[in-house]
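Accompanying notes for the structure given below.
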Amino acid sequence: MSHQVAVDYVNHVYETVTKRNPNETEFHQAVKEIFDSLVPVFDQNPSYIDHAILERMVEPERIISFRVPWLDDEGKIQVNRGFRVQFNSAIGPYKGGLRFHPSVNASIIKFLGFEQIFKNSLTGQPIGGGKGGSDFDPKGKSDNEVMRFCQSFMTELSKHIGPDTDVPAGDIGVGAREVGYLFGQYKKIQGGYQAGVLTGKGLGFGGSLARTEATGYGTVYFVQEMLKDKGDSLSGKTVVVSGSGNVSIYAMEKALELGAKVIACSDSNGYVYDPTGIKLDTVKRLKEVERKRIKAYVDEHPEAEFHVGFENIWTIPCDIALPCATQNELSEASAKRLVENGVIAVAEGANMPSTLQAVDVFLENKVLFGPAKAANAGGVAVSALEMAQNSARLSWKFEDVDEKLQEIMRNIYHNSMQAAEKYGKPGNLVVGANIAGFLKVADAMIAQGLI
């Protein structure tokens, strides 16, 4: 088959996607990035075209949108919008987090759900792709307001999920507090204890050790593999991490454990630069306990600087950059600045934090680049391990889960590298991860018939 036939096929399906889903820019971006990577696959395996795999894969199996009414502390009625996109169940039940953030809309949930298909496939675990959330903002809300919202949200969502159907977890704005409230409401509605319906639960009611740390740790384990292949390590490297939530905190923790020096982190208001090294205990207390803004860090550490505008964190010279905040936070200009300042490795702890143009800058300049669906897959991988523990009614030791996580991240790295090599893009982990994730799902879809 000619190369042009494969290109024409991919372009045709992408044009259909943009027409059918107007104004969904984040979804378009995720589809474009994956589609472009898959051209070599269709070159070598035209049967995937005959089975209309892309046309089927890009359409969610189900999209649920619903009203979420709740009472605030003033007794006023508030109304938010809830979503769940059940994208692909070819290799297992839908699996993907819930995001509570004002930016949440259909486009963002669909981009996250589409990415999740390939990410979950890469983990080697039997989990399909899904995602959900709401435009509710937990920031500034009392615990009671968050509880009332979560209960209203779960009252509707509970109709569509289950341990063998769809297993949500946390994401931005959904941490241990929110998962606890969601699980409690689901249990009340079902009239029974089904631990496997949600992951990221508290340790006292079916949660897994190392789940809290998994996404951040996994991102750094992936960097470790990239560096190891070049005969290098994290020891002595300077690291900049965007964000200061769960992923960022535990990426910083593992980087420090492996001998690196973290010099900056951020939140949506701005970033903190500490040339002596970020004091992680302070960040953990400010963010996980006191729920304060990162600006408060400099009140306790006068040697540090706070700067308004979180995007400027990438102007700080570093060896390793870990974007762990949100989508499209790292622009082409920021990527060029990082390259100018000598960055050697970038790994995405957040979902799609680098624009397509930024990714091109890294690849063109031979920067080691770990794309999100590979580098941050540790979180969902350990979620699947939590599901396994729930099914067996067992709890594994932290060390056992962490060891499994390290093995999964090593396998993701090597499988992605092998796929890139096989399909003519040696060393390109963006292409390799997309292809490795795609093949498993596509083959399962074909084996199951036209459904």
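Residue -17 is where the sequence shown starts when you use the working numbering, and the numbers rise one by one after that. Every residue, glycine too, gets a C-beta built ideally from N, C-alpha and C. Here the structure is a predicted model, which means the values were calculated and not measured.
Range of the contiguous alpha helix (DSSP H) that encloses N70:
Position 88 of the sequence shown, counting from 1, holds the residue named residue 70. It is not in any alpha helix (DSSP H) - N70 instead sits in the beta strand (DSSP E) that spans I59 to N70.
My guess is that T7 and S89 are in contact by the Cβ rule of under 8 angstroms, so how many angstroms apart are they, rounded?
Along the sequence shown, read from residue 1 onward, the residue named residue 7 stands at position 25. Along the sequence shown, read from residue 1 onward, the residue named residue 89 stands at position 107. Correct: roughly 6 angstroms between the Cβ atoms.
Tell me which same chain residues have a C-beta within less than 8 angstroms of the C-beta of L262, skipping the five on either side of it?
For the purposes of this step, residue 262 is taken as residue 280 along the sequence shown, with counting starting at 1. Counting only Cβ-Cβ distances below 8 angstroms, and skipping sequence neighbours, we find I231, M234, E235, L238 and V244.
With A340 and G225 assumed to form a contact (beta carbons below 8 angstroms), what rounded beta-carbon distance in angstroms separates them?
Residue 340 sits at position 358 when you count from the first residue of the sequence shown. Residue 225 sits at position 243 when you count from the first residue of the sequence shown. That belief does not hold up - the Cβ atoms of A340 and G225 are roughly 16 angstroms apart, past 8 angstroms.
Short check: CB of K355 to CB of F100, under 8 angstroms?
For this step, residue 355 is matched to residue 373 along the sequence shown. For this step, residue 100 is matched to residue 118 along the sequence shown. Yes, they are a contact pair.
Per DSSP, E239 is paired with what?
Translated into the one-based positions of the sequence shown, residue 239 becomes position 257. DSSP output for E239 lists no bridge partner at all.
Boundaries (first-last residue) of the alpha helix (DSSP H) holding T147
As a working note, residue 147 is residue 165 in the sequence shown. From DSSP, T147 is part of no alpha helix (DSSP H); its letter is neither H nor E.
Indicate the three-state DSSP secondary structure (helix, strand or coil) for W52 in the structure shown.
Numbered from its first residue, the sequence shown carries residue 52 at position 70. W52 sits in a strand when the DSSP states are folded into three classes.
Please determine if the segment 266 to 273 and the segment 191 to 206 are in contact, where contact requires at least 3 C-beta pairs separated by less than 8 angstroms.
For the pair of segments examined, the segment 266 to 273 was found not to touch the segment 191 to 206: the number of CB pairs separated by less than 8 angstroms stays below three.
May I ask which residues mark the beginning and end of the beta strand (DSSP E) holding S116?
Residue numbering aside, residue 116 sits at position 134 when the sequence shown is read from its first letter. G110 to S116 is the span of the beta strand (DSSP E), which, as asked, contains S116.
When burial is assigned at 16 or more other CB atoms within 10 Å of the CB, is E330 buried or exposed?
The sequence position of residue 330 within the sequence shown is 348, counting from 1. With 16 or more Cβ atoms within 10 Å of its Cβ, E330 is classed as buried.
Helix, strand or coil at H(-6) [DSSP, three-state]
Mapped onto the sequence shown, residue -6 falls at position 12. Residue state, collapsed to three classes: helix.
Leaving out the 5 sequence neighbours to the left and right, which residues in its chain are closer than 6 angstroms to I435 when beta-carbon positions are compared?
Because residue 435 is not part of the residues shown, which for the chain are -17 to 433, the question remains open.
Where does the unbroken alpha helix (DSSP H) through K170 begin, and where does it stop?
What you label residue 170 is simply residue 188 of the sequence shown in a count that begins at 1. K170 -> alpha helix (DSSP H) spans A158 to Q172.
With a Cβ-Cβ cutoff of 8 angstroms, do L350 and A327 count as a contact?
On the sequence shown, position 368 is the one that residue 350 refers to. On the sequence shown, position 345 is the one that residue 327 refers to. Cβ distance < 8 angstroms, so L350 and A327 count as in contact.
Assumed close pair C300, V222 - CB separation to whole angstroms, cut-off 8 angstroms
If you number the sequence shown from 1, residue 300 lands on position 318. If you number the sequence shown from 1, residue 222 lands on position 240. Right, their Cβ atoms sit about 4 angstroms apart.
Give the list of continuous alpha helix (DSSP H) stretches no shorter than 4 residues that lie fully inside the segment 292 to 358.
Runs of the alpha helix (DSSP H) inside the segment 292 to 358: 314 to 322, 338 to 346 and 354 to 357.
Distance between L164 and D148 (C-alpha atoms, nearest Å):
Walking along the sequence shown from the start, residue 148 turns up at place 166. Walking along the sequence shown from the start, residue 164 turns up at place 182. Going from the Cα of D148 to the Cα of L164 covers about 14 angstroms.
Segment contact, 8 angstroms Cβ cut-off, at least three pairs: the segment 109 to 128 with the segment 52 to 61:
yes
Please classify Q26: is it buried, with 16 or more other beta-carbons within 10 angstroms of its beta-carbon, or exposed?
On the sequence shown, residue 26 is found 44 positions in, with the first residue counted as 1. Result: exposed.
Measure the alpha-carbon distance for A72 versus D256 and round it to whole angstroms.
Taking the sequence shown and counting its residues from 1, one reaches residue 72 at position 90. Taking the sequence shown and counting its residues from 1, one reaches residue 256 at position 274. Using only the alpha carbons, I get a separation of about 47 angstroms.
Considering only C-alpha positions, which residue in the set E160, G174, Y(-9) and L421 is nearest to R81?
Within the sequence shown, the letter at position 99 stands for residue 81. Residue E160 is the option with its Cα nearest to R81.
Residue from R44, V(-11), A158 and E293 with nearest C-alpha to F17:
The residue labelled residue 17 in the question sits at position 35 within the sequence shown. Of R44, V(-11), A158 and E293, the residue nearest in Cα terms is V(-11).
Mind pulling the beta strand (DSSP E) runs of 3 or more residues that sit fully within the segment 0 to 39?
The qualifying runs do not exist here; there are none.
Do L209 and G241 have their beta-carbon atoms positioned less than 8 angstroms apart in this structure?
As a working note, residue 241 is residue 259 in the sequence shown. As a working note, residue 209 is residue 227 in the sequence shown. Not in contact: G241 and L209 (Cβ atoms no closer than 8 angstroms).
Identify, in the order they occur along the chain, each residue of the same chain with its Cβ nearer than 7 angstroms to the Cβ of V13, setting aside the five sequence neighbours on each side.
One-based indexing of the sequence shown puts residue 13 at position 31. Contacts found: Y(-4), V(-1), V40 and F96.
Could you check if Q430 is buried or exposed, using at least 16 other CB atoms within 10 Å of its CB as the buried criterion?
The residue labelled residue 430 in the question sits at position 448 within the sequence shown. Classification of Q430: exposed, given that the 10 Å Cβ count is below 16.
According to DSSP, R81 sits in a beta bridge with which residue or residues?
Taking the sequence shown and counting its residues from 1, the one referred to as residue 81 is at position 99. When beta bridges are read from the DSSP output, R81 appears opposite G115.
Mapping DSSP to helix, strand and coil, what is G200?
As a first step, residue 200 must be located in the sequence shown, where it is residue number 218. Correct three-state label for G200: helix.
Looking at the unbroken alpha helix (DSSP H) that takes in H283, where does it start and where does it end?
Numbered from its first residue, the sequence shown carries residue 283 at position 301. Taken as a continuous stretch (DSSP letters only), H283 belongs to no alpha helix (DSSP H), as it is neither H nor E.
Among all the DSSP beta bridges, which residues are the ones paired with F288?
Residue 288 sits at position 306 when you count from the first residue of the sequence shown. In the DSSP output, where bridge partners are listed per residue, F288 has V254.
Cβ distance (whole Å) where S104 is taken to contact I394 below 8 angstroms:
Mapped onto the sequence shown, residue 104 falls at position 122. Mapped onto the sequence shown, residue 394 falls at position 412. Residue identity differs from the one stated: residue 104 is Leu in this sequence, not Ser. About 5 angstroms separates the two Cβ atoms, so the contact holds.
Around the Cβ of Q(-14), are there at least 16 other Cβ atoms within 10 angstroms (buried) or fewer (exposed)?
For the purposes of this step, residue -14 is identified with residue 4 of the sequence shown, where counting begins at 1. Its Cβ having fewer than 16 others within 10 Å, Q(-14) is exposed.
Using the rule of at least 16 other Cβ atoms within 10 Å of the residue's Cβ for burial, across every protein chain shown, is R44 buried or exposed?
Here the question's residue 44 lines up with position 62 in the sequence shown. It counts as exposed.
To which residues of the same chain is I302 closer than 8 angstroms at the C-beta, ignoring the five residues directly before and after it?
Position 320 of the sequence shown holds residue 302. A distance below 8 angstroms between beta-carbons, with the five flanking residues on each side excluded, links I302 to the following residues of its chain, in chain order: V205, L216, K219, T220, V221, V222, A237, A242, V325, I326, A327, V328 and A329.
Option in R375, Q107 and V254 with minimal Cα separation from P284:
Taking the first residue of the sequence shown as position 1, residue 284 is located at position 302. Nearest option by C-alpha distance: V254.
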